[in-house]
Each structure stands twice: as structure tokens, then as C-alpha cells.
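Take a look at the structure set out below.
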Amino acid sequence: MAKLVFLPRRRAGLGRWHRLGWGVSLAAAASLALLVLGSVQVEYGQGQARLQLSLGAAPVPDSTDPALTRAEFEAGQRRLTELVQQALRQAQDQQHQDLEKALLTLQGQQRRQLEQALTVFAGELDQQRQSDLQALGEGLQAIDWSTADRFTRTEGLLQQLLIAAVDR
0 MAKLVFLPRR RAGLGRWHRL GWGVSLAAAA SLALLVLGSV QVEYGQGQAR LQLSLGAAPV
60 PDSTDPALTR AEFEAGQRRL TELVQQALRQ AQDQQHQDLE KALLTLQGQQ RRQLEQALTV
120 FAGELDQQRQ SDLQALGEGL QAIDWSTADR FTRTEGLLQQ LLIAAVDR
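By numbering that gives the first Met the number 0, the letter at position 93 of the sequence shown is numbered 92, and the numbering carries on one by one without gaps.
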């Protein structure tokens with residue numbers, strides 16, 4: 000037979016916490032909805048903080064500055080144009096310097112590679128020259144032996160002819 004297990008009853012105090020949890024959740028959801036759907040403007044300056052919430056379109060900020068005159072606006076535009084041109088020149092100068100550095104680096108690498116290739120080529124050329132000189136020396140030695148052998152035979156024949164001529 001199976002044993003029955005009885006769980007203790009919940010205490011009444013947990014119901015209040017449960018309701019409080021739902022309340023906090025709803026407040027957080029309402030706050031998030033207000034932030035998403037509305038517009039929030041927070042300002043802090045000169046020791047004062049200001050928070051402005053609205054559900055409609057974003058409010059137009061109050062301007063305490065007097066309106067700009069056309070001359071002031073055009074002067075500001077010219078200054079802005081000058082600043083942009085100056086920033087472009089600086090960027091171009093920096094890019095030019097970076098390009099020059101990269102070119103110098105590449106030239107150095109190419110120079111080292113060329114020197115290495117020439118060194119290897121010079122070694123191979125010297126090795127080929129040594130091999131050719133050795134083959135040439137062996138060929139000259141063979142010619143020298145052949146010439147000495149012919150000279151010896153020719154001299155022997157001449158001596159035999161001289162002996163034969165004297166004997167007659």
C-alpha cells in the first residue's frame with residue numbers, strides 16, 4: 000500500500016508578497032511602455048535636474064538663445080566648411096604619410112628579396128663556373144695526354160726511320 004504524504008498549508012503572508020510582486024511587475028511594465036511609447040527628456044545642468052515625460056510627439060525644447068541672423072548663420076556655415084576641409088586635408092595628409100611608409104616598407108622588402116635572389120644567383124653562377132672550369136681542365140688534361148701520347152709515338156716512329164735510314 001502506498002504512503003500518503005501531506006504537504007503543509009501555505010502561510011497567509013505569502014499571498015501579500017505575491018500580490019506585491021504582481022504590482023511591481025505591472026509598474027515596471029507601465030514604466031517601460033511609457034518610455035517606449037512616449038518621449039523622455041532628461042536634463043542636468045548647473046546643479047539642477049529636470050525630467051520631462053510626454054506621450055505625444057517629442058516636445059520642442061525651449062530656446063533662450065536669440066535667433067541667428069543670416070550673416071551669423073552664413074559665417075557659421077563658412078566656419079563649418081573650413082573645419083570640414085581642414086579635417087579632410089589632415090585625413091589626406093595622414094593617408095599620404097601612411098602610404099609613403101607602406102611604400103618604403105615594401106621597397107625595403109623588395110630590396111632585401113632582390114639582394115637575396117642575387118646572392119643565390121651569384122652562388123649558383125660561381126658553382127656553375129667552377130663546374131665548367133673543372134670540365135675544361137679535365138678536357139685540357141685529356142688533350143695534353145693525347146698530344147703527349149702522339150708525340151711519343153711520332154718520336155718513336157721518327158727514331159725508327161732515322162735508324163732505318165742510317166742503316167742503309
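The C-beta atom is built at its ideal place from N, Cα and C for all residues, glycine as well.
Which residues in the same chain as residue i place their Cβ atom closer than 6 Å to its Cβ, once the five residues preceding and following it in sequence are excluded?
| i | result |
| --- | --- |
| residue 76 | none |
| residue 49 | 42 |
| residue 72 | none |
| residue 40 | 51 |
What are the residues that DSSP puts in a beta bridge with residue i?
| i | result |
| --- | --- |
| residue 42 | 49 |
How far does the alpha helix (DSSP H) with residue i in it reach, from first residue to last?
| i | result |
| --- | --- |
| residue 100 | 69-166 |
Ordered along the chain, which non-local residues of its own chain (more than five positions away) have a Cβ less than 8 Å from that of residue i?
| i | result |
| --- | --- |
| residue 88 | none |
| residue 67 | 75 |
| residue 23 | none |
Is there a Cβ of chain C sitting closer than 8 Å to that of residue i, yes or no?
| i | result |
| --- | --- |
| residue 48 | No chain C appears in the structure shown, which is made up of a single protein chain. |
Who are the Cβ neighbours of residue i in its own chain at under 7 Å, not counting the five residues just before and after it?
| i | result |
| --- | --- |
| residue 123 | none |
| residue 157 | none |
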